[in-house]
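Asks: Here it is, the structure in full.
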Amino acid sequence: MRVAIVGASRNRMKYGNRALRAYMRQGHEVFPVNPNANEIEGVRAYPSISMLPPGRLDRVLLYVPPHVGLQVLEELRKREVGEVWVNPGAESDELFEKARELGLNTVYACAIVDIGETP
28 MRVAIVGASR NRMKYGNRAL RAYMRQGHEV FPVNPNANEI EGVRAYPSIS MLPPGRLDRV
88 LLYVPPHVGL QVLEELRKRE VGEVWVNPGA ESDELFEKAR ELGLNTVYAC AIVDIGETP
């Protein structure tokens, strides 16, 4: 799977970093998204979704506050995206409504647990 991790962090205690490592362990192609990092866990980081290499994103994981997630959803409307995973703490009613308006296939659950890993 091609997986964008929005809110990926250099801090190994944060869930954005834990998700990055979990998906890497399972052999997925990962794209950390963080405007304040050039590299995370040895992988090139991107400042935004719009700066990612072209092509379908099978999953986009959100580990950002809801107001940031709303901006990300706007960027996603320009991409082919399989699923958007809104992880605990990233959700809001407004985000849910916006995702529905955009027709995004949105999952509200822990994306780390979904692949059989422990956060």
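With the sequence shown counted from 1, adding 27 to any position gets you this note's numbering.
We treat Cβ as the ideally placed atom computed from N, Cα and C, and that holds for glycine.
1) Where DSSP assigns a beta bridge to Pro92, which residues make up the other side?
2) First and last residue of the beta strand (DSSP E) that includes Glu121?
3) Could you say which of Asn63, Ile76 and Glu68 lies nearest to Asn44 if we only look at CA atoms?
4) Using the C-alpha atoms, what's the distance from Ala117 back to Ile92?
5) Going by DSSP, what residue range makes up the alpha helix (DSSP H) through Arg48?
6) Taking 8 Å as the cut-off, decide whether the C-beta atoms of Tyr90 and Ile139 are in contact.
7) Between the beta-carbon of Arg127 and the beta-carbon of Glu110, is there less than 8 Å?
8) Are Pro60 and Ser36 close, meaning C-beta to C-beta below 8 Å?
9) Using DSSP with H/G/I as helix, E/B as strand and the rest coil, what is Leu100?
10) Going by the DSSP bridge assignment, what does Pro59 pair with across the sheet?
Replies: In brief:
1) If you number the sequence shown from 1, residue 92 lands on position 65. Its beta-bridge partners do not exist; DSSP assigns none.
2) The residue you call residue 121 lines up with position 94 of the sequence shown. Glu121 -> not in any beta strand (DSSP E); alpha helix (DSSP H) instead, spanning Asp120 to Leu129.
3) The residue labelled residue 44 in the question sits at position 17 within the sequence shown. Of the listed residues, the one whose Cα sits closest to Asn44 is Glu68.
4) Start at 1 with the first residue of the sequence shown, and residue 92 comes out as number 65. Start at 1 with the first residue of the sequence shown, and residue 117 comes out as number 90. Checking the sequence, you will find Pro at residue 92 rather than Ile. Spanning the two alpha carbons is a distance of roughly 5 Å.
5) Position 21 of the sequence shown, counting from 1, holds the residue named residue 48. Residues Tyr42 to Arg52.
6) Translated into positions along the sequence shown, residue 90 becomes position 63. Translated into positions along the sequence shown, residue 139 becomes position 112. Taking 8 Å as the cut-off, the Cβ atoms of Tyr90 and Ile139 do not count as close.
7) For the purposes of this step, residue 127 is taken as the residue at position 100 of the sequence shown. For the purposes of this step, residue 110 is taken as the residue at position 83 of the sequence shown. Inclusion of Arg127 and Glu110 in the CB contact set at 8 Å is not warranted, their separation being larger than that value.
8) Locating residue 60 in the sequence shown gives position 33, counting from the first residue. Locating residue 36 in the sequence shown gives position 9, counting from the first residue. The sequence given here has Val at residue 60, not Pro. One thing to note: Val60 has its Cβ no nearer than 8 Å to the Cβ of Ser36.
9) Within the sequence shown, numbered from 1, the residue matching residue 100 stands at position 73. In the structure shown, Leu100 sits in a helix (DSSP, three-state: H, G or I).
10) Start at 1 with the first residue of the sequence shown, and residue 59 comes out as number 32. For Pro59, the beta-bridge partners assigned by DSSP are Ile32.
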